[in-house]
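All remarks here apply to the structure that follows.
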Amino acid sequence: MKLDLGLGVEMRMMNEFEAQVLSDLSVLKTHMNGLVGDGSSGRMGELERRMELHEQHWQRAKGFMAAVSVLFAVFEVAMEAFKRH
Numbered sequence: 001m002k003l004d005l006g007l008g009v010e011m012r013m014m015n016e017f018e019a020q021v022l023s024d025l026s027v028l029k030t031h032m033n034g035l036v037g038d039g040s041s042g043r044m045g046e047l048e049r050r051m052e053l054h055e056q057h058w059q060r061a062k063g064f065m066a067a068v069s070v071l072f073a074v075f076e077v078a079m080e081a082f083k084r085h
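Per the numbering used here, the sequence shown starts with residue 1, numbered consecutively.
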């Protein structure tokens, strides 16, 4: 079905399928906006911040464990030296 708007411009009416597709696209756009946001907000931004925080904690834990292993090695060397004397 076509509508004549005058001045040689014709506009076609949407069928039910096209209306459903546009409706679904609108819902998808809303969900994507909530997921991605404006780049600094949204769930993806929050997930990135949480991952960076987790990586910082992991790096600190690895550094702490390295320091503790050095202390144990020094303690073991001191104990061996003490036993020999």
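We put the beta carbon where it would ideally sit given N, CA and C, even for glycine. Note that this is a predicted model, so its numbers are computed, not measured.
R60 and A66 have their C-alpha atoms roughly 10 Å apart.
G45: member of the alpha helix (DSSP H) spanning 42-84, first to last residue. Excluding sequence positions up to five before and after M44, its CB lies within less than 8 Å of the CB of L35, V36, G37, all in the same chain and listed in chain order.
In this structure, the alpha-carbon of K83 lies about 41 Å from that of Q56.
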